[in-house]
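Going line by line, the protein sequences match chains A and B. Per this note's numbering, residue 13 is the first one in the first sequence, and the count goes up by one each step. Per this note's numbering, residue 13 is the first one in the second sequence, and the count goes up by one each step. Shown next, in structure tokens, is the structure this report addresses.
2 protein chains.
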Amino acid sequence: MNLTHDPQARSWLASANQPGCDFPIQNLPFAVALRKGAQENARGMVAIGDQAIDLAQLAMAGAAAGFSGLAGEALLAASGSTLNALMAMGPKAWSALRLGLFNALKAGSPAQAAVQPCLIPLADLAYRLPAQVADYTDFYASVHHARSVGKLFRPDNPLTPNYQWVPIAYHGRSSSLQLDGYAFRRPRGQILPPGASAPVFSACKRLDYEFELGVFLGQGNVQGEPIPIDQTEEQAFGMVLLNDWSARDIQSWEYVPLGPFLAKNFCTTISPWIVTLEALEPYRQPWSRPASDPQPLPYLEDRSVRERGAIDIQLETWLQTEAMAKAGKAADRIATSNFNHCYWSIFQMIAHHTVGGCNFQPGDLIGTGTQSGPTQAEAGSLLELSEGGKTPLTLPNGETRTFLQDGDTLILKAFCEKPGAARIGFGQCAGTVLPALG
Amino acid sequence: MNLTHDPQARSWLASANQPGCDFPIQNLPFAVALRKGAQENARGMVAIGDQAIDLAQLAMAGAAAGFSGLAGEALLAASGSTLNALMAMGPKAWSALRLGLFNALKAGSPAQAAVQPCLIPLADLAYRLPAQVADYTDFYASVHHARSVGKLFRPDNPLTPNYQWVPIAYHGRSSSLQLDGYAFRRPRGQILPPGASAPVFSACKRLDYEFELGVFLGQGNVQGEPIPIDQTEEQAFGMVLLNDWSARDIQSWEYVPLGPFLAKNFCTTISPWIVTLEALEPYRQPWSRPASDPQPLPYLEDRSVRERGAIDIQLETWLQTEAMAKAGKAADRIATSNFNHCYWSIFQMIAHHTVGGCNFQPGDLIGTGTQSGPTQAEAGSLLELSEGGKTPLTLPNGETRTFLQDGDTLILKAFCEKPGAARIGFGQCAGTVLPALG
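The following block contains the structure:
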């Protein structure tokens, strides 16, 4: 077993050893941030307990903290204002840096004195996007989501004939990527009122969230040279929470024939901490699909995917309305699911994306598509939870929701947890709806 | 009239005054390039006749060449290895730089001695992408293309009900943007053979080109703050030729419900020289659509668009097969059309793109969609020219084509030309098909 997965390992930082902590010594996720209000460049950070290690400051401590060779190179690459350089170094470097951090943070480490001055409380951080995302792609990899949404958009043809063969995806908009905590205006656009033959220009009336995970890519590939499925694992740097905010009424009018556009490109939010694929290792699971379904074509078929292509990540959706916030009430949990229901693994997504010759660059982002589970209570969107707006959710304070209202804050959370392994948390990805322009 | 549009203006550089020259003193398009084989950074260039002005070298000559104030700032911004900084400065700066260059290049200019050492023959240039394109969007703005392609993909429903209301678009892939002269591998992917119920993995058998124009964006907008239609003109820096290479068989299998993905993302090529919107000014025309068609919603309606939203750009498609190249035969012209047939103006595209809050950044690229004219001979793709592969084109050497074969070089050319105005050329955008991976 990789040392860094030892569930018994403890840090000299007490907050990292608390039960339920998202960021124990076995996690070590990466972000880019700076101290709130500071006049300094943002730089790479690693979370531990309720603190973050300022990697730029740690790089200056360098050898005293035990970093040299590849781990030292990787630490330097991670101290810039984006993590693209670290992502470009590949899995050996990621692993060496992670091990160096683990050793420096574990109880009794001689590096403690050198690391201690590099700590900043998480509460003091202002986050930035962790990478310059040149291209962002969004998949559609949950068959449960595809089937239930398909039923609403295309009652006669809920699951398109290609769905079980092709990991369906579309290109997203990277300019409007934002972080946890962002508040965005309700979009406006063309909507076709029920029964009308001409559209109207209106604020979106069916504003929704989509619970997705995001994957940050590593080294990438040369244009024209696909990444074989058995090399895809080396390409996944780590994962974040991703909310693909969606304007359902704009979407249903615009999406034929070229797919969603304004319905999705006004805002996409991600969580600031990238949980590395290596940290998720203890939660890898076999990937399979019903024997009655078509099995993957050879370019999407791989022993490693079969044996451990799925990842056991528990997903929770929380909602806090404006009325709740004003009354001092915390958010309510409105749905739970698990990423291991996903119909296509992230490795199949990477292989498919490049098989025609398309190239990834370090820091590119993939969304997995809405992660809905097999039951309606496990849905990853309000469209599904409210059955297309027909069955409102009733919240504990008596308010009801079919779609999001102005002032609503929608929060995605996720974590891995099971006996015999350390908890690996993702933190959260929240976003708040502001009223549309007048 | 803007001085730089004077059709009588002549340059001290004789090649710029030749009839038929793409780059007379009234054009002054921008590119990024370096001398072939040189150990230097790429930098901004402006074409004049058969030469380019090295803007980095000109910036060092600075005042001697007559540049100061805003024109000097813009010249400095254009001397870097991308034009993003120039694009971010906005139309006053673009115009000042253009006027400075015009004055320095016109016959009798006292700046001639300072400019002369900055000239490099076009034949000696190695081009780079003119901007770092953060996001690339592709529209579908030719109704003639939409109708004839729609007929092939959806015989019952060629023009979708939204088409005349929504400037349909999808997000494209910026990582695989390439320049004129690029040779790319024929993509492979999933294809559904006729009559089959399961797909096969195969090299694309219906490889096509799409003749589009590209628009490079200027300053952009803040997320959540749309660009009003009457301000869109200030956002268009300039235009290039764009070939949206398309794998028709991959596309027809994958594109429902989220749009084309692998069918398009293996390669998109553009011409290296960006013709500024200002240079195209004499070719602006009224924009209209049949009175029997729905007229644009107010956010897409504007007096300036009505009066001069269309642009009279003549389009020519040329094909040189491998056999022709081996026999020393030049390319044959297989189609011609005009950009003024476009159903949506580029200004409406910009307004629509941002109306929901999506943000543009300087250097973002918009494709106009395939520019097909009203008759089949004016089609902008082989799919249309060959009626879905049913009617092969016969070339003068006796070869036939439904779709592109390995070794084919497809060349887009465009120019503006009319009595009383100088010719404004775009140069060309060629690409060559290499065999698929084995």
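Where is the CB? At the ideal position from N, CA and C, for every residue including glycine.
Per DSSP, A/V161 is one residue of the alpha helix (DSSP H) stretching across V155 to F165. Ranked by how close their Cα comes to the Cα of A/T414, the residues A/A426, A/Y311 and A/G400 have A/G400 in first place. In this structure, the alpha-carbon of A/T16 lies about 9 Å from that of A/N115.
In terms of Cβ geometry, B/N371 and A/S121 do not form a close pair [threshold 7 Å]. With a contact defined as Cβ atoms closer than 8 Å, B/L274 and B/G381 miss out at about 19 Å. Taking A/E411 as the centre and dropping the five residues before and after it, the same chain places the C-beta of T333 and A335 closer than 7 Å to its C-beta, in chain order. In the assembly as shown, B/G49 is an exposed residue. Its beta-carbon has fewer than 16 other beta-carbons within 10 Å. If you keep only unbroken alpha helix (DSSP H) runs of at least 4 residues inside the stretch 269-329 of chain A, you get 289-292 and 315-320. Straight-line spacing of the CA atoms in A/L204 and A/A337 works out to 33 Å. Between B/F351 and chain A, the shortest Cβ-Cβ separation is not below 7 Å. Counting only runs of 4 or more residues that sit fully inside the stretch 122-156 of chain B, the alpha helix (DSSP H) segments are 124-127, in chain order.
Of all residues in the stretch 243-266 of chain A, the ones placed with a Cβ closer than 8 Å to any Cβ belonging to chain B are A259, I262, W265 and E266, in chain order. Between the alpha carbons of B/A303 and B/H364 lies a distance of about 21 Å. The C-alpha of B/R197 is placed about 6 Å away from the C-alpha of B/P447. Look at the stretch 168-189 of chain B: the residues with a C-beta under 7 Å from a C-beta of chain A are T172, N174, W177, V178, I180, A181, Y182, H183, G184, R185, S186, S187 and S188. Going by C-alpha positions, A/P408 is about 29 Å away from A/K163. Interface annotation, B/R301: not in contact with chain A, CB-CB separation never under 7 Å. Where A/N14 is concerned, there is no enclosing alpha helix (DSSP H), because DSSP gives it neither an H nor an E. The beta carbon of A/R197 sits closer than 7 Å to some beta carbon of chain B.
With a threshold of 7 Å between beta carbons, B/N96 makes no contact with chain A. Taking a beta-carbon distance threshold of 7 Å, B/C370 counts as an interface residue toward chain A.
DSSP places A/F35 in the coil class of the three-state scheme, outside both helix and strand. Taking 8 Å as the upper bound for CB-CB distance, B/F223 and B/Q383 are in contact here, some 5 Å apart.
The residues W24, in chain order, have a CB closer than 7 Å to that of B/Q124 in the same chain once the five nearest residues on each side in sequence are set aside. Residue-level contact by beta carbon holds for B/F278 and chain A, with a gap shorter than 7 Å.
A/L407 sits in coil when the DSSP states are folded into three classes, being neither helix nor strand. In the three-state scheme derived from DSSP, where H, G and I count as helix and E and B as strand, B/T412 is classed as strand.
Burial is judged here by how many other beta carbons sit within 10 angstroms of a residue's own beta carbon; A/N53 has fewer than 16 and is exposed.
For B/L40, there are no C-beta contacts with chain A under 7 Å, since the nearest C-beta of that chain is about 29 Å from it.
The DSSP-derived three-state label of B/K430 is strand. Counted as a single uninterrupted DSSP element, the alpha helix (DSSP H) harbouring B/L117 occupies residues P103 to L117. Annotation: A/N174 to B/E266 spans about 7 Å, alpha carbon to alpha carbon. Taking the C-beta atoms as reference points, A/Q247 is found nearer than 7 Å to A/I362.
A/Q326 and A/S349 have their C-alpha atoms roughly 6 Å apart. Classified as buried, A/K425 has 16 or more neighbouring CB atoms from the shown chains inside 10 Å of its CB.
At least 7 Å separates the beta-carbon of B/L225 from that of B/F359.
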